[in-house]
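If you count by my numbering, then the sequence shown holds residues 19 to 160, one letter each, in order.
No residue lacks a Cβ here, since even glycine has one placed at the ideal position from N, Cα and C.
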Amino acid sequence: MDLQRPNDKMSKSAEAENGLIMMLEPLKSIEKKFKRAVTDSDDEVRFDRDNKPGVSNLLEILSAVTDTDPETLATQYTQYGRLKVDTAEAVISVLQPIQERYAELAADPAETQRLLRIGAEKAREIAEVVYERARDNIGFLA
Numbered sequence: 019m020d021l022q023r024p025n026d027k028m029s030k031s032a033e034a035e036n037g038l039i040m041m042l043e044p045l046k047s048i049e050k051k052f053k054r055a056v057t058d059s060d061d062e063v064r065f066d067r068d069n070k071p072g073v074s075n076l077l078e079i080l081s082a083v084t085d086t087d088p089e090t091l092a093t094q095y096t097q098y099g100r101l102k103v104d105t106a107e108a109v110i111s112v113l114q115p116i117q118e119r120y121a122e123l124a125a126d127p128a129e130t131q132r133l134l135r136i137g138a139e140k141a142r143e144i145a146e147v148v149y150e151r152a153r154d155n156i157g158f159l160a
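This is the structure:
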């Protein structure tokens, strides 16, 4: 969900860029956006999507990245600041290797083309088997 409007989905068409995390966004920018994420007016950290959408949004994001239940995560925090920092670090730990690999591929177009050809061939082989099975099951003649 959007970091500035926790009841809205993240969207490239959102009015405020600060609520959106892009895959190739600079890591410092991601960290800054999480630190500025909207929380709630009180200081209690608990998972409650209806009454605490801001903190619940952060807990859901952290949950998705760490594969830990949001309610369990909530018990580990007493302050929003620490939750924001930990969520940013967890998201960055997932995005950083993706960004590094993207940079490697962008720097070597020939390698990228080679990998695309290999992937296309594998996809063709799989599709051919599926197509043949479907054709046989439906009864089309070659």
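Quiz item: Buried or exposed: Val73, going by 16 or more other Cβ atoms within 10 Å of its Cβ?
Solution: The Cβ neighbour count for Val73, taken over all protein chains shown within 10 Å, is at least 16; the residue is labelled buried.
Practice problem: Leaving out five residues on either side along the sequence, give the residues of the same chain with a beta carbon under 6 Å from the beta carbon of Thr130. | Solution: Cβ neighbours of Thr130 within its own chain (closer than 6 Å, five residues either side excluded): Leu123.
Self-check item: Alpha-carbon spacing of Ile48 relative to Ile39, whole angstroms
Solution: Each residue's Cα considered, the two are about 6 Å apart.
Quiz item: Buried or exposed: where does Tyr149 fall if 16 or more other Cβ atoms within 10 Å of its Cβ makes it buried?
Solution: Exposed, by the Cβ-count rule.
Exercise. Under 7 Å Cβ to Cβ from Leu42, same chain only, skipping five residues before and after it: list those, please.
Key: Closer than 7 Å at the Cβ level, and outside the excluded window around Leu42, lie Gln117 and Tyr120.
Quiz item: Using the beta-carbon count (16 or more within 10 Å), is Ser81 buried or exposed?
Solution: With a threshold of 16 other beta carbon atoms within 10 Å, Ser81 meets it and is buried.
Quiz item: From which residue to which residue does the alpha helix (DSSP H) around Gln114 run?
Solution: Per DSSP, Gln114 belongs to the alpha helix (DSSP H) from Tyr98 to Ala125.
Quiz item: So which of Asn25, Ala108 and Ile136 has the shortest CA-CA distance to Val83?
Solution: Measuring from the Cα of Val83, the nearest candidate turns out to be Ala108.
Self-check item: Buried/exposed call for Lys70, threshold 16 Cβ in 10 Å
Solution: With 16 or more other Cβ atoms inside 10 Å of its own Cβ, Lys70 counts as buried.
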